Amino acid sequence: MSTDSTPSEPGIAARIEGLLRRTAIALRGALTRNDGRVTLGVTGLSYFLSYLVGLRHLGFGQPGYEISVVSNPLTRAFRQVGPFQWEPVALVVAGPVELLVAPLNILLGGVLATLVGLNLAVSVVAWRGPSACRLGPGAGAAAGLPGLLSGFACCGPTVLLVVGVQASAGILSLFQWLLPITVVALLGTLLWVGNRVETGDVGSTYY
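Each residue of the sequence shown is one higher than the one before, starting from 169 at the first, in my numbering.
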């Protein structure tokens, strides 16, 4: 007597592992191309600098050379001065460039810049050569959208001041929530792109 057996569906852990593996394939496919690497470098660096400018931690002043550090820098580096903003602990002046060094702000800006760069790198490669990431061209547009949100979250209050808009407390509180929403959107888009990767032909060309 024989019994029919049906293959069991993969568990949650297996599905997550597969999703992460496919996402890694999409990222590797994008970053093995020159246009993907250039997009990551240019957009990541541009966003990072814009992030520091938006925080008013990077700017221009009188030319000079100086490095000054506050007292108790390790303690003050963890002191928050606003939502997702921490106190600078050093000032670096190199020529006309002035940089306020806040380690946690720099770390957060670097993470955001990397996520934005990766999203846009996949976006560009999926648009120019979908087969490189084994994606459809439609994935490219979706991967680029969170980058716009992240830029607005970083520099929104500064933009309001530049155009002369009086920001109410409600508007400013909105920007406080845009940053974590942006991180979730950037990670979510990368995983969504990974879910669209065809893994049947793992040995296909990435170039």
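We put the CB at the ideal spot given by N, CA and C, even for glycine. Here the structure is a predicted model, which means the values were calculated and not measured.
Backbone CA spacing between residue i and residue j [nearest angstrom]
i	j	result
Val249	Gly263	28 Å
Val237	Val279	24 Å
Arg244	Gly179	45 Å
Gly212	Trp295	19 Å
Gln253	Phe246	9 Å
Glu255	Leu226	14 Å
Gly204	Thr350	22 Å
Glu185	Leu259	44 Å
Ile235	Ala181	49 Å
Closest residue to residue i among the options (Cα-Cα distance)
i	options	result
Tyr359	Ala198, Val221, Ile180 and Arg190	One point to set straight first is that residue 359 is Leu, not Tyr, in the sequence displayed. Here the closest residue by C-alpha is Arg190.
Leu272	Asn287, Leu286, Glu185 and Pro251	Pro251
Val206	Leu346, Val260 and Thr282	Thr282
Arg224	Leu195, Val265 and Ala289	Val265
Leu267	Asn240, Ala194 and Gly229	Gly229
Val261	Leu208, Thr211 and Gly232	Gly232
Ser214	Ile235, Glu234, Leu288 and Arg196	Leu288
Exposure label - residue i; buried when at least 16 CB within 10 Å
i	result
Arg183	exposed
Gly362	buried
Leu242	exposed
Arg201	buried
Gly356	exposed
Asn240	exposed
Gly222	buried
Leu217	exposed
Assumed close pair residue i, residue j - CB separation to whole angstroms, cut-off 8 Å
i	j	result
Ala270	Val284	20 Å between Cβ atoms; not a contact.
Leu188	Gly277	Rounded, the Cβ-Cβ distance is 25 Å, inconsistent with contact.
Val290	Ala353	Incorrect: roughly 14 Å between the Cβ atoms, too far for contact.
Ala198	Val293	4 Å
Leu208	Leu286	6 Å
Element boundaries [beta strand (DSSP E), containing residue i]
i	result
Leu259	Ala258 to Val269
Phe252	No beta strand (DSSP E) contains Phe252, which DSSP labels as neither H nor E.
Run of the alpha helix (DSSP H) containing residue i, from where it starts to where it stops
i	result
Ser236	Unbroken run through Ser236 is the beta strand (DSSP E), Leu226 to Val237; no alpha helix (DSSP H).
Arg244	Pro241 to Arg244
Gly197	Ile180 to Leu199
Leu223	Per DSSP, Leu223 belongs to no alpha helix (DSSP H) and is neither H nor E.
Cutoff 9 Å: residue i Cβ touching any chain D Cβ
i	result
Arg244	Of the chains in the structure shown, none is chain D; there is only one protein chain.
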